[in-house]
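Anchor point for the sequence shown: position 91 equals 138 in our numbering, and the numbering is continuous, going up by one each time. All C-beta atoms in this analysis are idealised placements derived from N, C-alpha and C, irrespective of residue type, glycine included. Being a predicted model, the structure only gives us computed values, none of them experimental. What follows is one structure encoded as C-alpha cells, with my remarks underneath.
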Amino acid sequence: MSNLWPFWLAKVSEIRLRCAKKHAGRSKVLSLESPSQPPIHFLRASVGFTTRDCATQLSKSQAGVRFFGLAAALVASLGPFEGGNALEQILNSSASDKTLLSTARQLMFLLETLEPRLGHSGFADSLAGWVILLCNSSLITQEHRKSWKIATSFPKPKGVDGLVNAFRQIARIGDSDVIRVSIKATRCTPWVVAFTKWCLGAPPSIFLDDGTIILQQPGTQVEVLASLDDENCPGIEVSIYRALGAPSDLVSALSGSEAWTGMVSIKTYGQWMLHNFEFAEGPANQAFMQALPYALKKVVESLRFSKYREFDISLPLRDWRHHSLQDGLVIDEKFMGLRLSPFGNETTIVNTVLRMLDVSASFQLHSLDGLYIEDLPVVKLHLKTIKGQCLCSVCNPSSGKNFRRCEKTRFFHHLAFVCADILAFSLFQGPDAPLVQLQHYRDGSYPFKKSIYSILFDEYHNDTRISDVLQYTLDLVGHKVIDDVKESRWVMSCHKGQAIYPLLYESSLYEKQSYLTLAWAFGLLRYRGEVYTRVVGDANTSSSGRDPVTGLGGEVTGPCNLLPEIKVIWHVEQAENFLRVSLGLQSGDRDLSPIRYPVNHILDNLASAIMLEACSHSPDAALEQPDKFCEYIGPMTIMPYYKHKHGIHVIGIVAVEGSNELRFFSLSGAGVIMPMVLRKDACLSCCLDACRRTKYPVIIL
C-alpha cells in the first residue's frame, strides 16, 4: 500500500473531499501524532508509528486533514468495510473526474491502514455519549427511549453521502444560499446527531415527531427530526432549504443492517455499561452502588485459578494432570492463603472503579462477614421491588410465562459483568487503560463471568482458568485471539492500534499479587522493519547436553544460586504473519544455544503455585543439618523429580536464588504444567515444610 500514497494524496487533493471548512474532528485527528516508539526489550521490537506512513503524509495538507476527519468518523464507528463503501459513494458523487476513482475495496484497504490511529479519534466516545444523553432526556417518551437504547444503526452509503453533501454546502464560504438542513431519522438518530456534531462543531437542534424540542441550538442551520415512523422513513431523509424556492436535494436512504461500534475510553465505557444494565439512576443505581464494594471483595477472595490438588508422585505427570482435573485430594485450606492472585491489591482495584464509574473518592471494598449480597439493605429492598414486577415462573407462578428471565438473576448477571470488567481493566499497568471496544450485546457464556456469577448468586466457588481471564480481558479491548489464548500460546497481540502483553515477560519479576499485570502501548508492533499483530509461544521443547546442576550440586544446606553466570535470552523467529518466541540460556563458558523452552505454561504454573513471601526466620538461614530428602536441580530439569530415598520422595530445589530471570525461566516447567512452591523471602526450611504438607514436588528458590 505504501507505493499508493502519492496516488491517494493526489486524489484527495483533487476532489477536495471534506465535510466542513471548520471540521470539529480536526483537532482530535491532528493530536494523534506518532508517539515515541517504546522498546519491547524481550522481543527486541518497538510499538508506535513511523513518521513516513500515510497518516503523516496526509496530515501535511488541508485536504488530507479534512479527509482524516471524515475517515475517522467512518472507520471509528462503521469499520473499514462499511466505511469504504460510504467513501466510495461520496467520491463518486463529488469528483469531477470519475476516470480514476478508487474502488470500495481499495478504500477499505486505506481505512484498514489508518484504523490503528483513527480508531482513537474519539468519535465513538461522542456517539456513545449521545445515545446516553438522548435516552436520559426527561422530554422523550418511553417508546423513544426503548428505540434509542437499541438504536445501533447507521445510514447506508447513500445517506452518509447526503449528509456530507449537505454539510459541505452549509460550510461553503461566500456563495452559499442554504439556510437550513432538515434531517429526518429513525433508528440511526444517535449516529446522525453525533456525526453532525463531529462535522460542524456544534450539535443540531433535535425535535420529536410531535414537535417536542429535545435540544434547541440557537444559530444552527441543521435540525434533526427524531421519528419512530420506520414505515415511511426506514432510515434518513435529508432536505436542503435554500433562500428561494422549495426544499431541494432531497435524499432518502435506508439504515444499514450492521450495528455501529467503536473504541471508547474506559470512562465512556463505564457510563455505557451502567446505561445498558439500567444501573445508571434510581433505586437500581442505589442497589448496585451498595452491592459493588462487597461483590468485588467477595469475588477476589473466592476466585480460584487451579484445583490445588496434592501431587501424586506415583503417577506420570500427564496422568496426574488429567486425574487432578477430575478428582484428588486438595491441599490443606491453610495453604490456600499462599496461592497467587493475578489481580493487584485493593488500591489498584479501587482506582479502576474510580476511573471507570462516577463514584465517590471514598469508595472502598468491604467484606460481607458471613452475609450474602442480597442481605444488604438497599439491595434487599430493590430485589423485593423487582420480584414484585417479575413475570418469571419462580417469582410469579401464576403468570403462566415459564420462559421469562428472572429479574433477580438478571440483576446478579449484570453485577457479575461489572465485576468482571473492573477486574479485567485493573490488570492494565499505569494510570491509564487502553481503549475498549464498545459492544451492544454481551455474551454471558464467558467462563470468567460465569464463575463470578456463581460466587455472587450461589456462593459457589467455581474454578476458572487464567486463560479465561485473559480471553475476557483481550476481548474487551478488541483483541480477538481466542485460539492463541485457549492453546496457552498467546504472548502478545496488537490490534486496534494497541499492543498488549504481560509485564512479567518484560520484567521477569513475579509477586504474590498482580502476576497478570498487562503492559500496553499505542501504535503498531514492529520487528526488523515489519509489522505484526501476533506473538505466540513455540510449543516445542529443544535441549541437549546435561543439566549443569542436577545430581551435581552437593548436599542441600540452604538457598543458593549454582548458575550465577547463566543468563536468559528470548529467541524470536519471524513466521509468515506472526512472531514465534521461546526461551533460551546463555553462558560464557558453555554452549547452551540448542536450548529452546516454551513460555506457554508460565502463567498456568503461576496460577497453580503457592508462594511463601516471608517467615519468622532469616531468608538466608541455613538448614540445621543437610536435608537428605531433597536435591538441588537446575532450571533445565524443572519437571517433577522422580527420585526416592528409602521409599520417600525427594524434593527438587531449583538452585537459582537471587536471579529473577532464572526463576522466570524455571516457571516454564520444561513445557508442562505442574505444582510448585515459590520462595520470596522465606527460609528454605519453611519452604520445605510447605512442600511436604502440600506434596508439591518442586521449590524455586
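Nearest to residue i (by Cα), restricted to the options the options
i, options, result
"Tyr507", "Leu165, Arg351, Asn587 and Phe450", "Arg351"
"Thr432", "Leu412, Val719 and Glu454", "Glu454"
"Ser10", "Ser349, Thr511, Ala480 and Ser501", "Summary: the structure shown does not reach residue 10, with the chain confined to residues 48 through 748, and so no result is reported for it."
"Thr684", "His696, Leu181, Gly705 and Ser715", "Ser715"
"Trp195", "Leu659, Gly176 and Pro251", "Gly176"
"Leu364", "Ala737, Pro722, Lys314 and Arg726", "Pro722"
"Met383", "Pro673, Leu659 and Ala729", "Leu659"
"Ala120", "Gln633, Cys442 and Ser168", "Ser168"
"Leu418", "Thr456, Phe464, His487 and Leu503", "Leu503"
"Asp490", "Ile513, Gln518, Leu482 and Gln476", "Gln518"
"Ser473", "Val703, Cys677 and Arg402", "Arg402"
"Ser274", "Thr267, Gly266, Cys442 and Cys235", "Cys235"
"Gln268", "Lys427, Ser229, His322 and Arg368", "Ser229"
"Val483", "Asp468, Ala729 and Ile616", "Asp468"
"Glu393", "Ser561, Cys280, Pro265 and Glu380", "Ser561"
"Glu284", "Ala334, Gly309, Trp319 and Asp208", "Asp208"
"Leu412", "Ala331, Ile396, His429 and Glu421", "Ile396"
"Ala729", "Leu385, Tyr341, Val516 and Phe156", "Leu385"
Residue i: first and last residue of the uninterrupted alpha helix (DSSP H) it sits in
i, result
"Ser173", "Phe170 to Asn183"
"Ser140", "Gly126 to Ser141"
"Asp468", "Glu454 to Phe472"
"Val619", "Not the alpha helix (DSSP H): Val619 falls in the beta strand (DSSP E), residues Lys614 to Gln621."
"Cys738", "Leu731 to Thr741"
"Ser349", "Gly329 to Ser349"
"Lys791", "In the structure as shown, the chain begins at 48 and stops at 748. Residue 791 is therefore absent and cannot be evaluated."
"Gln263", "Premise fails: Gln263 is in no alpha helix (DSSP H) and is neither H nor E."
"Asp531", "Ile529 to Lys533"
"Gln189", "Gln189 to Lys196"
"Ala151", "Ala151 to Leu165"
"Asp651", "Ile649 to Ser655"
Buried versus exposed call for residue i [16 or more other C-beta atoms within 10 Å across all chains shown]
i, result
"Ile657", "buried"
"Ala123", "buried"
"Phe115", "buried"
"Leu650", "buried"
"Gly111", "buried"
"Asp405", "exposed"
"Tyr743", "buried"
"Leu423", "buried"
"Arg164", "buried"
"Thr741", "buried"
"Leu523", "buried"
"Ala43", "Summary: the structure shown does not reach residue 43, with the chain confined to residues 48 through 748, and so no result is reported for it."
"Pro127", "buried"
"Glu380", "exposed"
"Ser108", "exposed"
"Asn30", "A question about residue 30 goes unanswered here, because the residues of the chain that appear run from 48 up to 748."
Whole-number beta carbon distance between residue j and residue i, since they are thought to touch under 8 Å
i, j, result
"Ile746", "Val701", "7 Å"
"Leu470", "Phe390", "6 Å"
"Cys662", "Cys738", "Rounded, the Cβ-Cβ distance is 14 Å, inconsistent with contact."
"Trp307", "Leu125", "6 Å"
"Gly130", "Lys203", "Not a contact, Cβ separation roughly 12 Å."
"Ser655", "Ser353", "4 Å"
"Arg573", "Ala92", "6 Å"
"Ala331", "Glu325", "5 Å"
"Ile613", "Ser634", "5 Å"
"Trp245", "Ser173", "6 Å"
Extent of the continuous beta strand (DSSP E) to which residue i belongs
i, result
"Val271", "Val269 to Ala273"
"Pro549", "Gln545 to Pro549"
"Cys677", "Cys677 to Ile680"
"Asn537", "For the record, residue 537 in the displayed sequence is Trp; it is not Asn. Residues Trp537 to His542."
"Trp307", "Neither: Trp307 is in no beta strand (DSSP E) and is coded neither H nor E."
"Gln633", "Leu626 to Gln633"
"Leu430", "Unbroken run through Leu430 is the alpha helix (DSSP H), Pro424 to Gln436; no beta strand (DSSP E)."
"Tyr579", "Glu577 to Tyr579"
Beta carbon proximity, residue i to chain B, threshold 9 Å
i, result
"Leu105", "Included in the structure is just one protein chain, with no chain B present."
Assess contact between the segment 545-557 and the segment 705-725, defined as three or more Cβ pairs (one per stretch) separated by less than 8 Å. Is contact present? Using a Cβ-Cβ distance cut-off of 8 Å, the segment 545-557 and the segment 705-725 are in contact, since at least three pairs of beta carbons, one from each stretch, lie closer than that value.
Using 8 Å as the threshold, is the segment 666-679 in touch with the segment 566-576, meaning 3 or more CB pairs across them? Too few Cβ pairs lie closer than 8 Å, so no.
Quick check: the segment 601-613 against the segment 529-549, are there 3 or more CB pairs under 8 Å? The segment 601-613 makes no contact with the segment 529-549; the number of CB pairs closer than 8 Å stays below 3.
Is the segment 174-190 touching the segment 486-502 in the sense that three or more CB pairs, one from each, lie closer than 8 Å? Counting Cβ pairs under 8 Å, fewer than three are found: no touch.
At least 3 beta-carbon pairs within less than 8 Å: the segment 198-217 vs the segment 249-257: Counting Cβ pairs under 8 Å, fewer than three are found: no touch.
Does the segment 582-591 touch the segment 518-538, meaning 3 or more C-beta pairs lie closer than 8 Å? Yes, they touch.
Between the segment 641-650 and the segment 623-632, can you find at least three pairs of beta-carbon atoms closer than 8 Å? Judged by Cβ distances under 8 Å, the segment 623-632 makes contact with the segment 641-650, as three or more pairs qualify.
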